[in-house]
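Protein chains: 2
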Amino acid sequence: MPHRVKMSPADRVFAALANPTRRDVLDLLLDGPRPVQEIAEHFDMARPSVSEHLKVLLDAELVTETRQGRHRYYAVTPDPLRELQSWLAPYERFWRSKLTGLRTYLEEHNP
Amino acid sequence: MPHRVKMSPADRVFAALANPTRRDVLDLLLDGPRPVQEIAEHFDMARPSVSEHLKVLLDAELVTETRQGRHRYYAVTPDPLRELQSWLAPYERFWRSKLTGLRTYLEEHNP
DNA sequence: TTGACAGGTAGGTTTTTTCCTACCTAAAGT
DNA sequence: ACTTTAGGTAGGAAAAAACCTACCTGTCAA
Numbered sequence: 001m002p003h004r005v006k007m008s009p010a011d012r013v014f015a016a017l018a019n020p021t022r023r024d025v026l027d028l029l030l031d032g033p034r035p036v037q038e039i040a041e042h043f044d045m046a047r048p049s050v051s052e053h054l055k056v057l058l059d060a061e062l063v064t065e066t067r068q069g070r071h072r073y074y075a076v077t078p079d080p081l082r083e084l085q086s087w088l089a090p091y092e093r094f095w096r097s098k099l100t101g102l103r104t105y106l107e108e109h110n111p
Numbered sequence: 001m002p003h004r005v006k007m008s009p010a011d012r013v014f015a016a017l018a019n020p021t022r023r024d025v026l027d028l029l030l031d032g033p034r035p036v037q038e039i040a041e042h043f044d045m046a047r048p049s050v051s052e053h054l055k056v057l058l059d060a061e062l063v064t065e066t067r068q069g070r071h072r073y074y075a076v077t078p079d080p081l082r083e084l085q086s087w088l089a090p091y092e093r094f095w096r097s098k099l100t101g102l103r104t105y106l107e108e109h110n111p
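Quick note, the sequences are listed as chains A and B, same order.
Quick note: the first sequence, position 81, residue 81 per UniProt numbering, numbers continuous.
Quick note: the second sequence, position 23, residue 23 per UniProt numbering, numbers continuous.
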């Protein structure tokens, strides 16, 4: 897998979250760290495919891997999601002021 | 034909945000509605490609289109981002409790 | 030390994305 | 009516994503 090195950390986070399987993995890990096997059981997909999804999440630093014997526990590291939240902040202002369409915008700027 | 109909609204939002150009379009529209031309000027890309990005944002209901004569103003509609925010909420608890790794998890669950 | 098990990597196929140029339609101006 | 302008649509190329099976390595247990 080529895996563009030119991607910024934020790009990697957004791209990682674009896939529903990967979001489901994160949701699953909210209940605590899990080895790959146990994660894979929840999906109708071959294990190596789950491994690939985990790699994407790892590259986005949304999860960490901790080796314990022959198991690897994956755990959520939600720090990158804070960036996502701060990216979201300017839009929050928008929906609080109910400023959602051209009409409202024009009303605000051409009184 | 184009655009899987099987995609949920949330899927469409996450997928729309996966592309940096589309996020830049949204950021641009934070300053107010813009016609396509003016949006396209900000990007090093042919206008029809920008149109395609706008279509993706429109399908995700992240923007609205308002026709004024031969212009079409695109405006942010941040409502879908609220869903994103509520998807984010469970992770917020995580980083507030500094519960970010296997070690911390084990400390919490095997005292 | 040998076998079984956990899980990553290689390589390949199919589908999706992202871009392009060429073209088409609708509204405006002359 | 004719031309220009705004902007969408068609079709296609190139790249990336998402799967798969086969294979390899490292750890544990007999």
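By construction, the Cβ of each residue, glycine as well, lies at the ideal position given by its N, Cα and C atoms.
Cut-off 7 Å between Cβ atoms - residues of its own chain near residue i, not counting five sequence neighbours on either side
{"i": "G69(B)", "result": "none"}
{"i": "L17(B)", "result": "R23"}
{"i": "T77(B)", "result": "E61, L62, V63, T64"}
{"i": "I39(B)", "result": "V25, L28, V50, Y74"}
Rounded straight-line distance, which links the Cα of residue j to that of residue i
{"i": "D27(B)", "j": "V36(B)", "result": "15 Å"}
{"i": "V56(B)", "j": "L30(A)", "result": "30 Å"}
{"i": "E65(B)", "j": "L58(B)", "result": "8 Å"}
{"i": "H42(B)", "j": "P48(B)", "result": "14 Å"}
{"i": "A15(A)", "j": "R72(A)", "result": "24 Å"}
{"i": "G32(A)", "j": "V13(A)", "result": "20 Å"}
{"i": "D11(A)", "j": "Q85(B)", "result": "18 Å"}
{"i": "P80(A)", "j": "E92(B)", "result": "11 Å"}
{"i": "A89(B)", "j": "L54(B)", "result": "28 Å"}
{"i": "R67(B)", "j": "D44(B)", "result": "25 Å"}
{"i": "T21(B)", "j": "N19(A)", "result": "18 Å"}
{"i": "E52(B)", "j": "A46(A)", "result": "34 Å"}
Three-state class that DSSP yields for residue i in the structure shown
{"i": "E61(B)", "result": "coil"}
{"i": "H53(A)", "result": "helix"}
{"i": "A75(B)", "result": "strand"}
{"i": "R47(A)", "result": "helix"}
{"i": "R70(B)", "result": "coil"}
{"i": "P111(A)", "result": "Annotation note: pLDDT 36 at P111(A) (below 50); position unreliable, coordinate value reported separately. Here P111(A) sits in coil by DSSP."}
{"i": "R93(A)", "result": "helix"}
Cutoff 8 Å; reference residue i; Cβ partners in own chain excluding five residues on either side
{"i": "D8(A)", "result": "At residue 8(A) the sequence reads Ser, which differs from the Asp that was named. Correct list: empty, nothing qualifies."}
{"i": "W87(A)", "result": "A10"}
Nearest-angstrom beta carbon gap, residue j and residue i [assumed within contact, 8 Å]
{"i": "R34(B)", "j": "W95(A)", "result": "Not confirmed; about 19 Å, so no contact."}
Cβ neighbours of residue i in the same chain (closer than 6 Å, five flanking residues each side left out)
{"i": "L102(B)", "result": "The predicted model places L102(B) with a pLDDT of 47, which falls under 50 and marks its position as unreliable; any figure quoted below should be read in that light. The answer is none, since no qualifying residue turns up."}
**Complete runs of the alpha helix (DSSP H) confined to the stretch 6 to 45 of chain A [at least 4 residues]** = 9 to 17, 20 to 29, 36 to 41
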